[in-house]
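Residue numbers (my numbering), protein chains in the order written: chain L, 9 to 363; chain G, 9 to 363. All remarks here apply to the structure that follows.
There are 2 protein chains.
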Amino acid sequence: MKIYNWGKTIIISGVLKYGAKFPSENILTRKFGFSRETVRGALENLEKEGLIERIRGSGTYVSFKIEETSKKKVGLILSYLSDYFFPRLYDGIKSIMDEENIQIELAVTKNNLNEEAYYLEKFRNMNISGIIVEGTKSSFPNPNVKLYENLIQKNIPIIFIHNHYSNMDFDSIEMSDAKCSYELTKLLIDNGHRNICGIFKYDDIQGIERYRGFMECMTEHDIIINDDFIRWYSTKDFDYKFSKSSLNSFYKKTKYCSAMIAYNDEIAYKYADFLETRSEKFFKEFSMVSFDDAVLGDRDFKIISGIHPKEKLGRLAARSIIKMLNDNDWINNNYSYRFPVAISEGNSVKKLVEK
Amino acid sequence: MKIYNWGKTIIISGVLKYGAKFPSENILTRKFGFSRETVRGALENLEKEGLIERIRGSGTYVSFKIEETSKKKVGLILSYLSDYFFPRLYDGIKSIMDEENIQIELAVTKNNLNEEAYYLEKFRNMNISGIIVEGTKSSFPNPNVKLYENLIQKNIPIIFIHNHYSNMDFDSIEMSDAKCSYELTKLLIDNGHRNICGIFKYDDIQGIERYRGFMECMTEHDIIINDDFIRWYSTKDFDYKFSKSSLNSFYKKTKYCSAMIAYNDEIAYKYADFLETRSEKFFKEFSMVSFDDAVLGDRDFKIISGIHPKEKLGRLAARSIIKMLNDNDWINNNYSYRFPVAISEGNSVKKLVEK
Chain L
9 MKIYNWGKTI
19 IISGVLKYGA
29 KFPSENILTR
39 KFGFSRETVR
49 GALENLEKEG
59 LIERIRGSGT
69 YVSFKIEETS
79 KKKVGLILSY
89 LSDYFFPRLY
99 DGIKSIMDEE
109 NIQIELAVTK
119 NNLNEEAYYL
129 EKFRNMNISG
139 IIVEGTKSSF
149 PNPNVKLYEN
159 LIQKNIPIIF
169 IHNHYSNMDF
179 DSIEMSDAKC
189 SYELTKLLID
199 NGHRNICGIF
209 KYDDIQGIER
219 YRGFMECMTE
229 HDIIINDDFI
239 RWYSTKDFDY
249 KFSKSSLNSF
259 YKKTKYCSAM
269 IAYNDEIAYK
279 YADFLETRSE
289 KFFKEFSMVS
299 FDDAVLGDRD
309 FKIISGIHPK
319 EKLGRLAARS
329 IIKMLNDNDW
339 INNNYSYRFP
349 VAISEGNSVK
359 KLVEK
Chain G
9 MKIYNWGKTI
19 IISGVLKYGA
29 KFPSENILTR
39 KFGFSRETVR
49 GALENLEKEG
59 LIERIRGSGT
69 YVSFKIEETS
79 KKKVGLILSY
89 LSDYFFPRLY
99 DGIKSIMDEE
109 NIQIELAVTK
119 NNLNEEAYYL
129 EKFRNMNISG
139 IIVEGTKSSF
149 PNPNVKLYEN
159 LIQKNIPIIF
169 IHNHYSNMDF
179 DSIEMSDAKC
189 SYELTKLLID
199 NGHRNICGIF
209 KYDDIQGIER
219 YRGFMECMTE
229 HDIIINDDFI
239 RWYSTKDFDY
249 KFSKSSLNSF
259 YKKTKYCSAM
269 IAYNDEIAYK
279 YADFLETRSE
289 KFFKEFSMVS
299 FDDAVLGDRD
309 FKIISGIHPK
319 EKLGRLAARS
329 IIKMLNDNDW
339 INNNYSYRFP
349 VAISEGNSVK
359 KLVEK
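Shown next as structure tokens:
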């Protein structure tokens, strides 16, 4: 299903356009690490749906044409598209836009401000009706203020998802990050854990909020946070901070921790994999909680995670921007929403038995 | 003077106590990189003032006794003490405390939250009348809230310097960091610079504010900030982010920049030294602005820098906490102050001639 979803997303979203070469079986096998049979099955399904065409002796090509019509267009700025839970978020948005016969104009920033600036300029020069934005480097004041102001002057409604900027006043649809983090931390404490380490992202307001919830829960339970147990990273720092040597040094500092709260499931499973190779015994006794409920791969180990509403959030964002398109006073009306806390099942939290 | 000041500070502040061994000539020569004559001169001056005693064949010892009296005590929490402008800040505080016959109880955190927690606990269990605090990791919500609340319950007045916490409501004495950054950036722009790179600190609210001022000035002049030109670091990341290989990669990304705004003079001169070894020609044409006006070493190159009020800020902080000690309603009265922008002379900004 993973390859199928990935392929469908990059084709329907227009990342790979009609006639473009689609990755070969060999490349996909290497990229996803699934068996050749699985890859072939996914390609067959994509072909059945008319998304790709396999031409013997030549290769596989995209056979799906995005209609270039006079449809209403809504801009969608996301940090990522084809990985993690993003395909499901996109599906949610797409399903509503399709119902309303609205075309999505897609932009992917990789959390880079230059990309955000580029797409905001592009949208201004297009006939775009509204924009759904996931903010870039949202923990810092945003330098593209003027570009946003230009769009407002053209009366183009804008709604944020996941986050928002401290130096602008847009409505946003978000998770209850701090509250969710509070509940996850409480779960660890209720299971006897006090030495809890954490990895958080500092260039994203969700990272700061998730730290805040953790911090407030620890404080309320009179547990002092050990500074050496906290690790901050950013999009730019990622490769360095998750290199083996860097993780090793964090592992050594947190040897007396019995649990971890991780910024999201990507990080959590990355650290779990590292731990397992480092010390299987330690890993077996170690507890973890995390965010987004985006299960990665097939494992026995399922992390208890704050649930990201995925399609649901996508649908609500799409419905909200559509309402805003028909609301002359969108700028004064409230379209913000916080999804209540929901926490997934899992087997990643163990009761700590005092020795 | 540097060794003398350093020695005096660590003795008078009680870091090295009466009878403790003072570093030898050899060690000081290595530590500061001055000549043996300079080191000897400094030691002679310290001896003349009765701060140290040199015993032939044995070594050098601290001969200054801090009076252990029933004096009123004020706690002072600083991130650093013996480097940068901190001795001058300390001198300012000390001068007022001496006038008022108040003893300083000193704590140095190195921007580590464990140290902050340790000293706050210690102060609670001591007979302390008030506290001057430089916040630790001030850009993040602070986890030592309860320790601060305990002190308030004991009616111990607290005032912050340099920064403050977003999740507590204390008065603070600060520089106008964002405004100062705006003016420094404007100076660069007025001299024709548009491709400006920046290095900022992310675990300190001063870092975020200095970024904000830079960002607002760029935005107002319709210059879009290039994400690749911005580098963030923290206390924990320092060694990695200022390693030669890491600076090299930043240098390559910013080759088309004609100017830089640096978080402070320590960083600015560090980068200047790096640039000079990397490409003398580039360095000669490169412009820099920075903060704190803490000249480091003797150089031809003097960076234009936002002036930190040093002794002045120290004296104001001391006077404020003393007033608060005599104010039953200190918690409701306003003791906050922002020093107005002041910018130093220097030769680090060159007019950019279009080629």
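For every residue, glycine included, the Cβ atom is placed at its ideal position computed from N, Cα and C.
How would you list, in chain order, the residues of chain C whose beta-carbon sits under 9 Å from the beta-carbon of M223(G)? Absent from the structure is chain C; the protein chains it does hold are L and G.
Counting only beta-carbon separations shorter than 9 Å, does Y210(G) have a partner in chain L? Judged by the 9 Å Cβ criterion, Y210(G) is in contact with chain L.
Please give me, in chain order, every unbroken run of the alpha helix (DSSP H) with length at least 4 that falls completely inside the segment 145-189 of chain L. Taking only runs of at least 4 residues, the alpha helix (DSSP H) segments lying wholly in the segment 145-189 of chain L are 153-161.
Segment contact, 8 Å Cβ cut-off, at least three pairs: the segment 52-64 of chain G with the segment 115-122 of chain G: As far as the Cβ criterion goes, the segment 52-64 of chain G does not touch the segment 115-122 of chain G, which means the pair count is below three.
Identify every residue that forms a DSSP beta bridge with Q111(G). K81(G), per the DSSP bridge assignment.
With DSSP as the reference, label V47(L) as helix, strand or coil. Correct three-state label for V47(L): helix.
Which same chain residues, not among the five before or five after A325(G), have their C-beta less than 7 Å away from its C-beta? I101, I140, I167, I169 and I181.
Taking the CB atoms as reference points, tell me whether I20(G) and L59(G) lie closer together than 9 Å. Contact flag set, yes.
For G200(L) and S174(G), I'd like the C-alpha separation in whole angstroms. When rounded, the separation of the alpha-carbon atoms in G200(L) and S174(G) is 30 Å.
What residue range is occupied by the uninterrupted beta strand (DSSP E) comprising I269(G)? Judged by DSSP secondary structure, I269(G) falls within the beta strand (DSSP E) whose first and last residues are A267 to A270.
For S242(L), return the contacting residues in chain G, with the cut-off set at a CB-CB distance below 9 Å. Within chain G, the residues placing a beta-carbon under 9 Å from that of S242(L) are Y210 and W240, ordered along the chain.
Contacts around M226(G), its chain only, beta-carbon distance under 6 Å, and the 5 residues preceding and following it disregarded: Correct list, in chain order: I233.
With distances taken between CB atoms, is the gap from L155(L) to L128(L) smaller than 9 Å? It is a contact, given that the beta carbons lie within the stated cut-off.
Just grab the DSSP bridge partners of S313(L) for me. Beta bridge pairing from DSSP links S313(L) with S298(L).
If the criterion is Cβ atoms closer than 9 Å, does the pair R96(G) and K310(G) meet it? Cβ distance not < 9 Å, so R96(G) and K310(G) don't count as in contact.
Bridge-paired residues (DSSP) for T68(L): According to DSSP, T68(L) bridges with F30(L) and R62(L).
Could you tell me which of I351(L), E52(L), S43(L) and R44(L) sits nearest to G15(L), measuring between CA atoms? Closest by alpha carbon: E52(L).
Using a cut-off of 7 Å between C-beta atoms, extract the partners of A125(G) located in chain L. The contacting residues are I232.
Does the beta-carbon of P348(L) have 16 or more other beta-carbons within 10 angstroms, so that it is buried, or is it exposed? Burial state of P348(L) is exposed, judged by a 10 Å Cβ sphere holding fewer than 16 other Cβ atoms.
Using the three-state DSSP reduction, which class does L423(G) fall into: helix, strand or coil? The first residue shown for chain G is 9 and the last is 363, placing residue 423(G) beyond what the model contains.
Less than 9 Å between CB atoms is the rule here; does R220(G) satisfy it with respect to chain L? Taking Cβ atoms only, chain L reaches closer than 9 Å to R220(G), which makes this a yes.
For a contact defined as C-beta to C-beta under 8 Å, what are the partners of I426(G) on chain L? For chain G, the structure presents residues 9 to 363; residue 426(G) sits outside this window and is missing.
Can you look up F93(L) in the DSSP assignment and give me helix, strand or coil? Correct three-state label for F93(L): coil.
Identify, in the order they occur along the chain, each residue of the same chain with its Cβ nearer than 6 Å to the Cβ of T68(L), setting aside the five sequence neighbours on each side. Contacts found: F30, I60 and R62.
List the residues of chain G that Y248(L) touches, going by C-beta distances under 8 Å, in chain order. Result: Y248.
Leaving out five residues on either side along the sequence, give the residues of the same chain with a beta carbon under 6 Å from the beta carbon of G111(L). It is Gln, not Gly, that sits at residue 111(L) in the sequence shown. If we look at Q111(L) and ignore the five residues flanking it on each side, its Cβ neighbours are K79 and K81.
Just to confirm, is the Cβ distance from M176(L) to N150(L) under 9 Å? Yes.
How would you list, in chain order, the residues of chain G whose beta-carbon sits under 9 Å from the beta-carbon of I216(L)? Going along chain G in sequence order, the residues near I216(L) (Cβ under 9 Å) are S147, F148 and P149.
For G138(G) and I329(G), which I take to be in contact (beta-carbon distance under 8 Å), what is that distance rounded to the nearest angstrom? G138(G) to I329(G), Cβ: 5 Å. Contact.
Looking at the C-beta of T193(L), does it have a partner C-beta in chain G at a distance below 9 Å? When Cβ-Cβ separations below 9 Å define contact, T193(L) makes no contact with chain G.
E142(L) - DSSP class collapsed to helix/strand/coil: Note: E142(L) maps to strand in three-state DSSP.
Are the beta-carbon atoms of N203(L) and F237(L) separated by less than 9 Å? Going by C-beta atoms, N203(L) is nearer than 9 Å to F237(L).
Check whether the Cβ atoms of K194(G) and H229(G) sit closer than 9 Å, and answer yes or no. Judged by their CB atoms, K194(G) and H229(G) are nearer to each other than the 9 Å cut-off.
Note the first and the last residue of the continuous beta strand (DSSP E) segment covering I204(G). Residue range I204 to K209 is occupied by the beta strand (DSSP E) that includes I204(G).
On the DSSP bridge assignment, give the partners of L86(L) in chain order. The partner list for L86(L) (beta bridge, DSSP) reads V116(L).
Applying a beta-carbon distance threshold of less than 7 Å, which residues of chain L neighbour D235(G)? Those are N120, L121 and N122, listed as they occur along chain L.
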